[in-house]
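Novice: Quick one: the structure is below, questions incoming.
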Amino acid sequence: MSDLTLTTERERPFDPPDTYAELRERGPVHRMRYADGHEGWLVTGYAAARTVLDDPRFSNRPELSHPPFAARARLAEEVRRERFAVPPGFFLRTDPPEHTRYRRLLAGQFTVRRMKQLEARILEITEERLDLMEAAGRPADLVDAFALPIPSLVICELLGVPYEERAAFQEDTKIMVSLGVEAEEALAAIGRVLTYLQGLIGRKREHPADDLLSGLITGGELTGDELTGVAFLLLIAGHETTANMLGLGTYALLADPAQLAALREDPSLIDNAVEELLRHLSIVHVGPVRSALEDVEIEGHLIRKGEAVTLHLPVINRDLSRFPGGDRLDITRPASGHLAFGHGVHQCLGQQLARSEMRVGFASLLRRLPGLRLAVPADEVPLRTDMAIYGVHRLPVTW
Amino acid sequence: MKIEADTTVCIGAGMCALTVPEVFDQNEEDGIVVLLQSEPPAEMEEAVRRAVKLCPSGALKAV
Numbered sequence: 000m001s002d003l004t005l006t007t008e009r010e011r012p013f014d015p016p017d018t019y020a021e022l023r024e025r026g027p028v029h030r031m032r033y034a035d036g037h038e039g040w041l042v043t044g045y046a047a048a049r050t051v052l053d054d055p056r057f058s059n060r061p062e063l064s065h066p067p068f069a070a071r072a073r074l075a076e077e078v079r080r081e082r083f084a085v086p087p088g089f090f091l092r093t094d095p096p097e098h099t100r101y102r103r104l105l106a107g108q109f110t111v112r113r114m115k116q117l118e119a120r121i122l123e124i125t126e127e128r129l130d131l132m133e134a135a136g137r138p139a140d141l142v143d144a145f146a147l148p149i150p151s152l153v154i155c156e157l158l159g160v161p162y163e164e165r166a167a168f169q170e171d172t173k174i175m176v177s178l179g180v181e182a183e184e185a186l187a188a189i190g191r192v193l194t195y196l197q198g199l200i201g202r203k204r205e206h207p208a209d210d211l212l213s214g215l216i217t218g219g220e221l222t223g224d225e226l227t228g229v230a231f232l233l234l235i236a237g238h239e240t241t242a243n244m245l246g247l248g249t250y251a252l253l254a255d256p257a258q259l260a261a262l263r264e265d266p267s268l269i270d271n272a273v274e275e276l277l278r279h280l281s282i283v284h285v286g287p288v289r290s291a292l293e294d295v296e297i298e299g300h301l302i303r304k305g306e307a308v309t310l311h312l313p314v315i316n317r318d319l320s321r322f323p324g325g326d327r328l329d330i331t332r333p334a335s336g337h338l339a340f341g342h343g344v345h346q347c348l349g350q351q352l353a354r355s356e357m358r359v360g361f362a363s364l365l366r367r368l369p370g371l372r373l374a375v376p377a378d379e380v381p382l383r384t385d386m387a388i389y390g391v392h393r394l395p396v397t398w
Numbered sequence: 000m001k002i003e004a005d006t007t008v009c010i011g012a013g014m015c016a017l018t019v020p021e022v023f024d025q026n027e028e029d030g031i032v033v034l035l036q037s038e039p040p041a042e043m044e045e046a047v048r049r050a051v052k053l054c055p056s057g058a059l060k061a062v
């Protein structure tokens with residue numbers, strides 16, 4: 000049994016910790032002791048990861064799970080002992096067929112075509128943010144002025160959450176994904192956001208509008224609690240993901256002048272650049288985690304019923320047998336097939352929205368600010384090694 | 000080449016529609032795959048095979 004303690008600390012800002020890259024060289028599947036003492040597994044190979052995510056014998060139900068991080072041990076314990084219940088509509092943590100019902104209700108709202116149609120509106124929002132940033136003058140924090148507000152405005156508009164009420168959930172969202180907070184603090188933050196959303200759904204019931212939450216309410220397929228859980232999942236997922244890709248992605252491009260120049264010279268590379276940044280940066284530090292519902296053999300290892308399997312996406316997306324030269328950022332490589340959005344039935348519901356936001360966001364930023372550069376030495380950018388989702392806390396830039 | 004789509008398995012992730020919009024679309028209601036042509040022309044075969052591999056739910060089959 001390896002006493003491998005999972006860490007989010009990195010030697011270099013854009014590469015996963017060296018320990019796991021070295022581990023991947025030794026094989027795709029490894030034994031690992033979890034934060035609660037559970038003896039489970041860690042997957043570092045691409046093919047093995049896809050096999051696990053494809054296989055319905057691996058469950059995503061929270062009460063079966065074990066925490067790979069010490070910081071999450073108490074919270075996981077609360078869930079296992081049923082002192083805290085994940086809200087019913089938080090369908091990410093359900094298995095089919097329960098999961099299928101929620102997914103079918105929502106997938107039509109996030110289709111490729113719908114998201115492409117939304118790009119004109121995303122562009123307006125992006126241009127407004129850049130106008131405000133330019134008007135405020137140099138230097139600017141790109142996270143505060145650009146990377147966070149764009150996806151936040153977009154998801155609020157899509158769901159029908161008033162953006163001016165964001166104080167009620169943005170700070171709490173930060174607390175929820177912070178690895179340094181106590182379980183009580185995280186649970187209190189979750190409780191506050193759920194209460195806010197219950198109130199919002201009540202208001203929408205009275206005054207439905209043309210937005211996703213109103214549509215779900217008038218559709219009548221979900222109970223009040225389910226609606227709250229769905230709204231909670233979509234709001235959080237819409238905030239802490241694309242925002243970090245925009246911030247960290249810009250930092251990665253600014254730190255790699257050749258790649259930045261290639262994208263400036265040929266803007267038609269943007270679609271592929273987005274896929275490559277997703278692959279190369281893989282901002283979920285560690286995970287997803289699954290639990291075996293029965294004995295399953297994966298690449299010669301017998302995973303016993305009840306054992307947890309953690310996928311290390313940043314390392315998996317650099318599996319050199321799948322992505323030759325994968326340790327380098329190369330916006331011209333065939334990057335599709337990466338697992339940054341996951342794989343299997345839980346593959347990210349909002350992935351086409353995220354792609355549209357990144358396409359528009361990176362392209363507008365480079366077009367509007369040809370002299371964009373870091374305003375601090377590259378090694379002074381504060382990194383989110385203390386959050387469940389990687390990225391930069393701030394990105395001081397000038398132009 | 001012939002494409003088969005299992006709409007009972009599809010989760011509406013949209014990877015096929017993103018990869019080959021000439022062959023795959025999504026239902027506006029539930030995001031489920033809609034085949035625009037079940038026998039794509041030869042010049043699209045490679046892209047279609049890529050879409051089949053990218054499908055997260057295993058709903059697509061090229062025969």
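Top to bottom, those sequences are chains A and B. Mapping of the first sequence onto numbering that gives the first Met the number 0: residues 0 to 398, in sequence order. Mapping of the second sequence onto numbering that gives the first Met the number 0: residues 0 to 62, in sequence order. We put the CB at the ideal spot given by N, CA and C, even for glycine.
Would you report the Cα separation of CYS15/B and GLY136/A, rounded to the nearest angstrom?
Specialist: Sequence index remark: in the second sequence, residue 15/B carries index 16 (1-based). Sequence index remark: in the first sequence, residue 136/A carries index 137 (1-based). Each residue's Cα considered, the two are about 43 Å apart.
Novice: Could you tell me whether the Cβ of ALA58/B comes closer than 8 Å to any Cβ of chain A?
Specialist: For this step, residue 58/B is matched to residue 59 along the second sequence. No, ALA58/B lies away from the interface with chain A (no Cβ there is under 8 Å from its Cβ).
Novice: When the distance is taken between beta carbons, is ALA50/B closer than 8 Å to ALA4/B?
Specialist: The residue labelled residue 4/B in the question sits at position 5 within the second sequence. The residue labelled residue 50/B in the question sits at position 51 within the second sequence. No. Outside cutoff.
Novice: Please go through the region 275 to 325 of chain A and give each complete beta strand (DSSP E) segment of 3 or more residues, from N-terminal end onward.
Specialist: Whole beta strand (DSSP E) segments, 3+ residues: 288 to 291, 295 to 297, 300 to 302, 307 to 310.
Novice: Please tell me whether TRP40/A and VAL308/A are closer than 8 Å, where the distance is taken between their beta carbons.
Specialist: Taking the first sequence and counting its residues from 1, the one referred to as residue 40/A is at position 41. Taking the first sequence and counting its residues from 1, the one referred to as residue 308/A is at position 309. Yes, the pair counts as a contact, with Cβ atoms nearer than the cut-off.
Novice: For HIS342/A, which three-state DSSP category applies?
Specialist: Stepping through the first sequence from its first residue, residue 342/A is reached at position 343. Coil, per DSSP.
Novice: Taking PRO39/B as the query, report the chain A residues whose CB atoms sit under 7 Å from its CB, ordered along the chain.
Specialist: Translated into positions along the second sequence, residue 39/B becomes position 40. Those do not exist, as PRO39/B stays about 17 Å from chain A at its closest Cβ, beyond 7 Å.
Novice: Classify MET0/B as buried or exposed, calling it buried when 16 or more other Cβ atoms lie within 10 Å of its own Cβ.
Specialist: By one-based count along the second sequence, residue 0/B stands at place 1. Result: exposed.
Novice: Give a yes or no on whether the minimum CB-CB distance between ARG112/A and chain B is below 8 Å.
Specialist: Within the first sequence, the letter at position 113 stands for residue 112/A. Interface residue, yes.
Novice: Which same chain residues end up closer than 7 Å to THR125/A when comparing Cβ atoms and leaving out the 5 residues on each side of it in sequence?
Specialist: Taking the first sequence and counting its residues from 1, one reaches residue 125/A at position 126. Closer than 7 Å at Cβ, skipping near neighbours: ILE149, VAL359, GLY360, SER363.
Novice: In whole angstroms, what separates the C-alpha of VAL344/A from that of ASN59/A?
Specialist: As a first step, residue 344/A is located in the first sequence; it is residue number 345 there, counting from the start. As a first step, residue 59/A is located in the first sequence; it is residue number 60 there, counting from the start. So the alpha carbons of these two residues sit roughly 11 Å apart.
Novice: Determine whether the Cβ of GLU3/B lies closer than 8 Å to any Cβ atom of chain A.
Specialist: For the purposes of this step, residue 3/B is identified with residue 4 of the second sequence, where counting begins at 1. Taking Cβ atoms only, chain A never reaches closer than 8 Å to GLU3/B, which makes this a no.
Novice: Any contact of the region 24 to 39 of chain A with the region 292 to 302 of chain A, i.e. 3+ C-beta pairs under 8 Å?
Specialist: Touching, yes.
Novice: Determine the chain B residues that contact ASP318/A at a beta-carbon separation under 7 Å, and present them in chain order.
Specialist: Numbered from 1 along the first sequence, position 319 holds the residue referred to as residue 318/A. Going along chain B, no residue has its Cβ under 7 Å from ASP318/A, so there is no contact; the nearest lies around 15 Å.
Novice: Evaluate contact between the region 382 to 391 of chain A and the region 172 to 179 of chain A, counting only Cβ atoms and requiring at least three cross-stretch pairs below 8 Å.
Specialist: Counting Cβ pairs under 8 Å, three or more are found: they touch.
Novice: Between the region 251 to 268 of chain A and the region 180 to 199 of chain A, can you find at least three pairs of beta-carbon atoms closer than 8 Å?
Specialist: Counting Cβ pairs under 8 Å, fewer than three are found: no touch.
Novice: Run through chain B and tell me which residues come within less than 8 Å of ALA353/A, C-beta to C-beta.
Specialist: Here the question's residue 353/A lines up with position 354 in the first sequence. None at all; the shortest Cβ gap to chain B is about 12 Å.
Novice: Below 8 Å on the Cβ atoms is my contact criterion, and I expect ARG263/A with LEU328/A to pass it. Report the Cβ-Cβ distance as a whole number of Å.
Specialist: Taking the first residue of the first sequence as position 1, residue 263/A is located at position 264. Taking the first residue of the first sequence as position 1, residue 328/A is located at position 329. That belief does not hold up - the Cβ atoms of ARG263/A and LEU328/A are roughly 15 Å apart, past 8 Å.
Novice: In angstroms, rounded to a whole number, what distance separates the CA positions of ASN402/A and ARG82/A?
Specialist: This structure does not reach residue 402/A, given that chain A is present from 0 up to 398, and the question cannot be answered.
Novice: Can you tell which of ASP378/A, GLY248/A, ARG289/A has its C-alpha closest to the C-alpha of ARG354/A?
Specialist: Translated into positions along the first sequence, residue 354/A becomes position 355. Out of ASP378/A, GLY248/A, ARG289/A, GLY248/A has the C-alpha closest to the C-alpha of ARG354/A.
Novice: Taking HIS29/A as part of the beta strand (DSSP E), name the residues at either end of that continuous run.
Specialist: Here residue 29/A corresponds to residue number 30 of the first sequence, with the count starting at 1. Residues 28 to 32.
Novice: Report the neighbours of GLU28/B on chain A: residues whose CB is nearer than 7 Å to its CB, in chain order.
Specialist: By one-based count along the second sequence, residue 28/B stands at place 29. In chain order: GLY107.
Novice: Please classify VAL51/A: is it buried, with 16 or more other beta-carbons within 10 angstroms of its beta-carbon, or exposed?
Specialist: As a first step, residue 51/A is located in the first sequence; it is residue number 52 there, counting from the start. Buried is the call here.
Novice: Is THR217/A helix, strand or coil when you go by DSSP?
Specialist: By 1-based counting over the first sequence, the position of residue 217/A is 218. Looking at THR217/A - three-state DSSP - the assignment turns out to be helix.
Novice: May I have the straight-line CA-CA distance separating GLU10/A from VAL285/A, to the nearest angstrom?
Specialist: Residue mapping note: residue 10/A aligns to position 11 of the first sequence, counting from 1. Residue mapping note: residue 285/A aligns to position 286 of the first sequence, counting from 1. If I take the Cα positions, the gap works out to 16 Å.
Novice: Provide the residue span of the beta strand (DSSP E) that contains ASP5/B, from first to last.
Specialist: For the purposes of this step, residue 5/B is identified with residue 6 of the second sequence, where counting begins at 1. It is not in any beta strand (DSSP E) - ASP5/B carries neither H nor E in the DSSP assignment.
Novice: Please specify which runs of the alpha helix (DSSP H), each continuous and at least 4 residues long, are wholly inside the region 168 to 232 of chain A, giving them in chain order.
Specialist: Whole alpha helix (DSSP H) segments, 4+ residues: 169 to 176, 182 to 205, 211 to 218.
Novice: I want to see whether chain B comes within less than 8 Å of HIS206/A, judged by CB atoms only; does it?
Specialist: Along the first sequence, one-based indexing puts residue 206/A at 207. No, because no Cβ of chain B sits closer than 8 Å to the Cβ of HIS206/A.
Novice: Could you name each continuous alpha helix (DSSP H) segment of 4 residues or more that falls completely within the region 73 to 157 of chain A, going from the start of the chain to the end?
Specialist: Counting whole runs of 4 or more residues, the region 73 to 157 of chain A contains the alpha helix (DSSP H) stretches 97 to 106, 111 to 135.
Novice: Taking 7 Å as the cut-off, is the CB of LEU212/A close to at least one heavy atom of the ligand ZN?
Specialist: This structure does not include the ligand ZN; it has no bound ligands of any sort.
Novice: Chain A beta carbons: is any one of them nearer than 8 Å to that of ALA12/B?
Specialist: Working through the second sequence from its first residue, we reach residue 12/B at position 13. Yes, because at least one Cβ of chain A sits closer than 8 Å to the Cβ of ALA12/B.
Novice: Quick check on the DSSP output: the alpha helix (DSSP H) that includes ALA387/A runs from which residue to which?
Specialist: Here residue 387/A refers to the residue found at position 388 when the first sequence is read from its first residue. Neither: ALA387/A is in no alpha helix (DSSP H) and is coded neither H nor E.
Novice: With H, G and I counted as helix, E and B as strand and the rest as coil, what does DSSP make of SER58/A?
Specialist: Residue 58/A sits at position 59 when you count from the first residue of the first sequence. SER58/A: strand per DSSP, three-state reduction.
Novice: So GLN25/B contacts chain A; which residues on that side make the cut at Cβ distance below 7 Å?
Specialist: Residue mapping note: residue 25/B aligns to position 26 of the second sequence, counting from 1. What GLN25/B touches in chain A: THR110, VAL111, ARG112.
Novice: What would DSSP say about LEU22/A, mapped onto helix, strand or coil?
Specialist: The count along the first sequence starts at 1 and reaches residue 22/A at position 23. Three-state DSSP puts LEU22/A in a helix.
Novice: Could you spell out where the beta strand (DSSP E) holding LEU41/A opens and where it closes?
Specialist: Locating residue 41/A in the first sequence gives position 42, counting from the first residue. Taken as a continuous stretch (DSSP letters only), the beta strand (DSSP E) holding LEU41/A covers 38 to 42.
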